[in-house]
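Trainee: Provided herewith is a single structure, encoded as structure tokens, for subsequent inquiry.
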Amino acid sequence: MKCADSCRLFGAYQAVSGIDGNVVLLHSVEGCNFGTMSLHLAGNMQNMRQAGTIMGDQDIIFGGEETLRESVDRVLKLYHPDVITVITGCAPEIIGDDVRTVTSQYDSILPVVYINGAGFKGHFETGYEDALITIAKRLTVDSKKTSIPVINILGMNYDDFKIDADIKEFKRILGNKVKLNCVTARCNLEEFMHMSRAGLNIVFSRGRKLAEFLKNAYGTEFIEMDYPYGITGSCHFLDSVGKFFDIDFSEEKERLKRELEERLKKCYSYLKAFYGLPVSVFGESGRASGMRRFLEEELGMDVVSLGISSDEFNMDDFITQACKSDAALIFGSSFEADIADQMEIPLIRYLYPVFDWISISDSPYIGGKGVIYIIEDILHTVINCRKNKGGLYFEKNMCLR
Amino acid sequence: MKKICVYGKGGIGKSTIVSNLAAAFAYQGLKTAVIGCDPKADSTRNLTGRRIPAVLDLMRREEDSLYTLGYKEIICVEAGGPSPGTGCAGRGIVVALDRINETHMLDDRDIVIYDVLGDVVCGGFSAPLRENVADEVYLVTTSDFMALYAANNICIGIEKYAKEGSVRLAGIIYNGRSCLDSCEMAEEFATEVGSQIIGKIPMSDKISMAELHKKTVVEMYPASDICRSFMKLSTAVLNNTKTVIPSHLSYEEVEKTCLAYQRG
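Which chain is which? The protein sequence lines are A and B, in order.
If you count by full-length UniProt numbering, then the first sequence holds residues 1 to 401, one letter each, in order.
If you count by full-length UniProt numbering, then the second sequence holds residues 1 to 264, one letter each, in order.
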């Protein structure tokens, strides 16, 4: 037996909850509603567009269709949504609730999209991809390509740490040369429906299936890349977009480098202490690879253990490997706090879910600004943890240099 | 208190046998209860003269009394369940049995009979085999292959729960209502799984007639031969001490047993 490390319902929830005007209705037991809400809360407490049918024994025995119908009616009355996404959990899928029939009864009022989120049907990643495809097939329309270059960004998520600041930074570095249409993490229904007006989709590891669908249905090309941490990542992002649209971003890239040099001069001695610092990085492919590259190539750290979540990935093996290593810092989500404690090293939160740290300032982790904020966060964390392994290692490095 | 449970293929005559057996016990002065574990909720119709409200429906209405008194003060309870094609009937059985247990309505009974729908298709329908709900299981069968096949499947369920609990197979009730009336076939099957034929109920038009009048033959035809068959069965069940953990057969063995008794 292996402990669960992800759930299809959570993936589906994260994929569709970024569409403003969409209310997620979880047709499941109380825990699914509580769990998704608790992971989401730290991201944006003000915008809670979710409800649950909270199935009980009576729903399990007699079927939950009537409760679902009542819940959809209540959501309509309370939220006045543009679209409702019904995500089912394990219980209604085991007893065979006819969710499709219930949701289709609202066709004349608004789109009520049914997504099967049963945990036994797959894990987080399949839930995420399948949900995006399902809602896109239902809502997107064939729109005219615009005359100015427009891109969509797929694979950024509603609950991601630093999401608002990162989107803002993307817009800043793209400047006036390319317009950002739809970011699946933060968009309105109109932007989502008209995704096909973009000439290019950028995929940060997640959202590939949606990109393939958009290519097949509307002819929109896509480029896959790691999350653009660091100056290299940011320049690669600009180069890829520029190459596709035949736009020169040299000026923007130069400005990014210049800004960084000016800022980082102030903490140059600290930066030298990063050289050779052994660290551990965990995350899904696009983010973990992007972070690893930034830490190794730009900060000179040594990533001694790398855990990339996938179908074959075994968290226990990663923990064993990380504990055996001499890592002095670990990069991951709030879930990795226990591993960090076990290893007596500080944790740098950069990955979903982050529920024990908040991000309300404009402090992105991508782009030029992102380099500054990641460095600040690493320094603050390490300097303030002088008694554990990570802090001591840094202190030693500082003295040596 | 004797707690018995009657299983068998759907439509094999379980409810008819359970209601007549209960009437026979009550006729002899025993405090009896019948718990129908079938979403159709019709196990006790012949004892009460009507369809009674099911526990799950009464629970939804938050009513306190979950049972109806039938023939000779027999406590009649129907677990109930969802409409066909919706919900989870198995979960309904579990919840209803828990609720019945909480009310202590069966505490003063001499004998309680559970009438369980069809096969042990899921965990819910095996609930009476678990948690000391019933001690003795009786299987109802005809001499049809599918009836014996279902009986064999139930033996698998009993074996599973007998390893940890007190439930045992106490015997097989032969119902002679199929076109091939071969009690020998059922006897052979009973021997092969390590059990016995505890009683035989012959085909009788009086059973159908009594059911049309929502009565048992014990109540409607007390002097009839068929009533005597039920009385004899009730005595055999009361005095039965041979309970076993069955050894179920393979699919091929069930086929072989049935083929050996086919005529022509």
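For each residue, glycine too, the CB sits at the ideal point set by N, CA and C.
Bridge partners of Ala33(B), per DSSP?
Mentor: Ile75(B), Val112(B), per the DSSP bridge assignment.
Trainee: Quick check: is any heavy atom of the ligand COA less than 6 angstroms from the C-beta of His248(B)?
Mentor: Of ligands this structure carries none, so the ligand COA is not represented either.
Trainee: Check His104(B) in the structure and name its three-state DSSP category.
Mentor: Coil at His104(B), not helix or strand.
Trainee: With a threshold of 16 other CB atoms inside 10 Å of the CB of Thr141(B), please say whether the residue is buried or exposed.
Mentor: Thr141(B) should be labelled buried.
Trainee: Chain A beta carbons: is any one of them nearer than 7 angstroms to that of Arg51(B)?
Mentor: No, no contact with chain A.
Trainee: Which runs of the beta strand (DSSP E), 3 residues or longer, sit entirely within the segment 120-201 of chain B?
Mentor: Listed in chain order, they are 136-141, 168-176.
Trainee: Alpha carbon to alpha carbon, how far is Gly191(B) from Gly165(B)?
Mentor: At residue 191(B) the sequence reads Thr, which differs from the Gly that was named. Those two C-alpha atoms are separated by around 23 angstroms.
Trainee: Of all the beta strand (DSSP E) runs that stay within the bounds of the segment 10-65 of chain B, which reach a length of 3 or more residues?
Mentor: Those beta strand (DSSP E) runs which fall completely within the segment 10-65 of chain B and span 3+ residues are 32-37.
Trainee: Give a yes or no on whether the minimum CB-CB distance between Arg177(B) and chain A is below 7 angstroms.
Mentor: Answer no: the Cβ-Cβ gap between Arg177(B) and chain A never drops below 7 angstroms.
Trainee: Against Arg91(B), what residues of chain A qualify as contacts under a CB-to-CB distance less than 9 angstroms, listed in chain order?
Mentor: Those are Asp57, Ile60, Ile61, Ile95, listed as they occur along chain A.
Trainee: Exposed or buried, what is Met1(A) when buried is set at 16 or more other beta-carbons lying within 10 Å of its beta-carbon?
Mentor: Summary for Met1(A): the model assigns pLDDT 45, below 50, so the residue's position carries little reliability, and this model does not support an answer.
Trainee: Please report how far the alpha carbon of Glu255(B) lies from the alpha carbon of Ser305(A), in whole angstroms.
Mentor: Whole-angstrom Cα-Cα distance: 60 angstroms.
Trainee: Report the partner residues of Ser71(A) according to the DSSP bridge assignment.
Mentor: Beta-bridge pairing links Ser71(A) to no other residue.
Trainee: Thr85(A) bridges to which residues according to DSSP?
Mentor: According to DSSP, Thr85(A) bridges with Val24(A), Val113(A).
Trainee: Residues of chain B with CB closer than 8 angstroms to the CB of Glu65(A), please, in chain order.
Mentor: Per Cβ cutoff of 8 angstroms: Thr86.
Trainee: Kindly say whether Val95(B), judged by its beta-carbon, lies nearer than 7 angstroms to any beta-carbon of chain A.
Mentor: Chain A, which has a Cβ nearer than 7 angstroms to the Cβ of Val95(B), makes this yes.
Trainee: Is there a Cβ from chain A that is less than 7 angstroms from the Cβ of Pro39(B)?
Mentor: Answer no: the Cβ-Cβ gap between Pro39(B) and chain A never drops below 7 angstroms.
Trainee: Using the Cα positions of Asp226(A) and Val112(A), report the straight-line distance between them to the nearest angstrom.
Mentor: Taking the straight line joining both Cα atoms gives about 33 angstroms.
Trainee: Rounding to the nearest angstrom, what Cα-Cα distance links Leu9(A) and Gly87(B) in this structure?
Mentor: Distance between the alpha carbons of Leu9(A) and Gly87(B): 21 angstroms.
Trainee: Going by the beta-carbon positions, is the gap between Cys122(B) and Gly81(B) smaller than 7 angstroms?
Mentor: Their beta carbons are not under 7 angstroms apart, which means Cys122(B) does not touch Gly81(B) by this criterion.
Trainee: Identify whether Glu296(A) lies in helix, strand or coil by the three-state DSSP scheme.
Mentor: If DSSP states are grouped into helix, strand and coil, Glu296(A) belongs with the helices.
Trainee: DSSP has Gln50(A) in a bridge; who is on the other side?
Mentor: In the DSSP output, where bridge partners are listed per residue, Gln50(A) has Val24(A).
Trainee: Check whether the segment 34-54 of chain B touches the segment 223-242 of chain B, counting contact only when three or more Cβ pairs, one atom from each stretch, lie closer than 8 angstroms.
Mentor: No, the segment 34-54 of chain B does not touch the segment 223-242 of chain B.
Trainee: Who does Val279(A) pair with in a DSSP beta bridge?
Mentor: According to DSSP, which records beta bridges pairwise, Val279(A) is partnered with Val303(A), Leu329(A).
Trainee: Checking 7 angstroms against the spacing of the C-beta atoms, do Ala327(A) and Val279(A) come in under that value?
Mentor: Result yes, Cβ atoms of Ala327(A) and Val279(A) sit closer than 7 angstroms.
Trainee: Quick one, which residues of the segment 114-140 of chain B are near chain A if we go by CB-CB under 7 angstroms, in chain order?
Mentor: Against chain A - using a Cβ distance shorter than 7 angstroms - the segment 114-140 of chain B contributes no residues.
Trainee: Is the segment 23-41 of chain B close to the segment 69-78 of chain B, with three or more CB pairs under 8 angstroms?
Mentor: Short answer: they touch.
Trainee: Give a yes or no on contact between the segment 203-210 of chain B and the segment 130-140 of chain B, applying the rule of three or more CB pairs nearer than 8 angstroms.
Mentor: No: the two stretches stay apart, fewer than three of their Cβ pairs being nearer than 8 angstroms.
Trainee: As a quick exercise: from Ile115(A), Leu174(A), Tyr268(A), pick the residue whose alpha carbon is nearest that of His236(A).
Mentor: Of Ile115(A), Leu174(A), Tyr268(A), the residue nearest in Cα terms is Leu174(A).
Trainee: What's the C-alpha gap between Ile231(A) and Leu139(A)?
Mentor: The straight-line gap from Cα to Cα measures roughly 36 angstroms.
Trainee: List, in order along the chain, the chain A residues whose C-beta lies closer than 9 angstroms to that of Pro82(B)?
Mentor: Those are Ile61, Phe62, Gly63, Ile95, listed as they occur along chain A.
Trainee: Hey, would you say Gly118(B) sits closer than 7 angstroms to Gly10(B), going by beta carbons?
Mentor: Yes, they are a contact pair.
Trainee: Counting Cβ pairs, one atom from each stretch, are 3 or more of them under 8 angstroms apart for the segment 366-374 of chain A and the segment 44-58 of chain A?
Mentor: No: the two stretches stay apart, fewer than three of their Cβ pairs being nearer than 8 angstroms.
Trainee: Would you check if the segment 75-87 of chain A and the segment 103-122 of chain A touch, i.e. whether three or more CB-CB distances between them fall below 8 angstroms?
Mentor: Yes, the segment 103-122 of chain A is in contact with the segment 75-87 of chain A.
Trainee: Is the segment 206-226 of chain A touching the segment 151-166 of chain A in the sense that three or more CB pairs, one from each, lie closer than 8 angstroms?
Mentor: In short, these stretches touch, since the Cβ pair count reaches three.
Trainee: Is it buried or exposed for Cys179(B), if we count other Cβ within 10 angstroms and need 16 for buried?
Mentor: The residue in question, Cys179(B), is exposed, as its Cβ has fewer than 16 Cβ neighbours within 10 Å.
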